[in-house]
């Protein structure tokens, strides 16, 4: 969402920062050259893996992609802090393809499942 | 020396991480055992960089995840076939326009259950086959060493790709062809060798072969031809049958007058050295040499290769 600009009008309240901390997807680029693997991985040079981070606050909003169980757990947490909040985790993942040279100098194209976070949620 | 791992958080984008966050590369590079852990620079929230041993374990776990036993160390001579690059681009939803230009289509049938594609070049020193005496079509054997395919990987199909090159225009031949268009046609036959040379080829006679695929082609275009060799490759791998290789022959459809078996063989690039066809240099041969491509499933995951991630 666009950043809120307070022009000093007095009427506008700054947008609460809380939403920024809610569970959501963050970018995380894995660069194969940084692990010294670019000599055998032909493509891609790296990829966006993403990660999930943020709070799962009570009450859980719809966009936090929660399960019934997560709603119950969050509800219980709101009255009994010894029970943890629901966790912010990947709820949808996708695959990537990698083209590489194997131990025998053979060229392999392989599809690896669950390498990219597509969506996060409170579970 | 390569134990340098760093998953870069998004906040730093793709910019190189400040040197202080990484292990400084040791001056002597002694390559000895585990180094002492180094702490993160003061004022950062980074964890201390893991020890050498931990990094090795980290790499081993990742390699295992990728289905590799050890880290590949490719030789300088390794060549990546353009077909594999095209398949990668197609699979990863690359430049669609460029792929359309190439006219490349994913072999849907082959990949309906596959999540792995492997490519193999043949062992050139084993390619010669004794042929019957006389002006018979030239036959070559291709032995592909498939021992690198993991035992738990199921090959569902395989294709042999051969490059055929347009023959230079010859006015007389063109006129002849105009009157009889089928005159220039050639047939490419691909066989599985059922018995090793010597057992079935007494005195250079007939080989014990089984026809796998055949195609009638016209020599007026340059393109790759794909032949289905799945039955043979599946027998060698899943069936545990001995692999005696594939045999390829190129024969003119009609008995030639000016062209002959030699011309037919020149048209299809089945060998680095061809009769009256010259010898390709290493780079050109690497691009044009026959290629065996296998489509398999390693038993991990379910989504096939054909499922492409939508562009974001």
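Protein chains in written order, with our numbering: chain X, 93 to 215; chain C, 596 to 907.
Even for Gly, the Cβ is constructed at its ideal location relative to N, Cα and C.
Query: Unbroken alpha helix (DSSP H) run spanning residue 880 of chain C, endpoints; Result: 877–883
Query: Inter-residue spacing [alpha-carbon to alpha-carbon] between residue 685 of chain C and residue 679 of chain C; Result: 10 Å
Query: Residue from X:161, X:137, X:141 and X:133 with nearest C-alpha to residue 120 of chain X; Result: X:141
Query: Reduced DSSP category for residue 663 of chain C - H, G, I as helix; E, B as strand; rest coil; Result: coil
Query: Proximal chain X residues relative to residue 683 of chain C, where beta-carbon distance stays under 9 Å; Result: 134, 135, 136, 189, 190, 191 and 201
Query: Beta-ladder partner(s) of residue 163 of chain X, from DSSP; Result: In DSSP, residue 163 of chain X forms no bridge with anything.
Query: Chain X residues whose Cβ lies nearer than 8 Å to that of residue 675 of chain C; Result: 134, 191, 193 and 199
Query: Reduced DSSP secondary structure (H/G/I, E/B, other) of residue 849 of chain C; Result: coil
Query: Any chain X beta carbon closer than 9 Å to residue 751 of chain C; Result: no
Query: Cβ contact (3+ pairs, closer than 8 Å) linking the segment 777–788 of chain C and the segment 822–830 of chain C; Result: yes
Query: Separation of residue 192 of chain X from residue 184 of chain X, as counted between CA atoms; Result: 26 Å
Query: Inside the segment 110–179 of chain X only - alpha helix (DSSP H) runs reaching at least 4 residues; Result: 110–113 and 160–171
Query: Helix, strand or coil at residue 895 of chain C [DSSP, three-state]; Result: coil
Query: CB contact check: residue 127 of chain X to chain C, cutoff 9 Å; Result: yes
Query: Rounded C-alpha distance that separates residue 116 of chain X from residue 159 of chain X; Result: 16 Å
Query: 8 Å Cβ cut-off: residues of chain X touching residue 789 of chain C; Result: Under the 8 Å cutoff, chain X gives no residues; its nearest Cβ is about 25 Å from residue 789 of chain C.
Query: Opposing strand residues paired with residue 215 of chain X [DSSP bridges]; Result: Bridge partners of residue 215 of chain X: none, in fact.
Query: One or two residues paired with residue 754 of chain C in a DSSP bridge; Result: C:823 and C:888
Query: Limits of the alpha helix (DSSP H) - the one that residue 714 of chain C falls within; Result: Looking at the DSSP string, residue 714 of chain C is not in any alpha helix (DSSP H); the run it does join, the beta strand (DSSP E), is 711–715.
Query: Cβ-based neighbour list, residue 201 of chain X, same chain, cut-off 7 Å, excluding 5 preceding and 5 following; Result: 189 and 191
Query: Which residues DSSP lists as bridging residue 811 of chain C, in chain order; Result: C:782
Query: Contacts of residue 147 of chain X in chain C (Cβ-Cβ under 8 Å); Result: Those within 8 Å of residue 147 of chain X in chain C number zero; the least Cβ separation is about 18 Å.
Query: Buried versus exposed call for residue 174 of chain X [16 or more other C-beta atoms within 10 Å across all chains shown]; Result: exposed
Query: Proximity test, Cβ basis, 9 Å: residue 708 of chain C and chain X; Result: no
Query: With 16 other Cβ atoms within 10 Å as the buried cut-off, status of residue 672 of chain C; Result: exposed
Query: Host alpha helix (DSSP H) of residue 680 of chain C (start-end); Result: 677–686
Query: Separation of residue 180 of chain X from residue 212 of chain X, as counted between CA atoms; Result: 7 Å
Query: Residue 745 of chain C versus residue 150 of chain X: straight-line alpha-carbon distance, rounded; Result: 50 Å
Query: Buried or exposed (CB count within 10 angstroms, at least 16 for buried), residue 849 of chain C; Result: exposed
Query: Beta-carbon separation (whole angstroms), residue 662 of chain C vs residue 893 of chain C, contact threshold 8 Å; Result: 6 Å
Query: Check whether residue 886 of chain C and residue 831 of chain C have beta carbons under 9 Å apart; Result: no
Query: Cβ-based contacts, 7 Å cut-off: residues of the segment 818–850 of chain C near chain X; Result: none
Query: Backbone CA spacing between residue 878 of chain C and residue 749 of chain C [nearest angstrom]; Result: 32 Å
Query: Residues bridged to residue 207 of chain X [DSSP beta-bridge criterion]; Result: Answer is none; residue 207 of chain X lacks a bridge partner.
Query: Contact under 9 Å by Cβ, residue 144 of chain X with residue 182 of chain X; Result: yes
Query: Residue 756 of chain C to residue 884 of chain C span [Cα, whole Å]; Result: 9 Å
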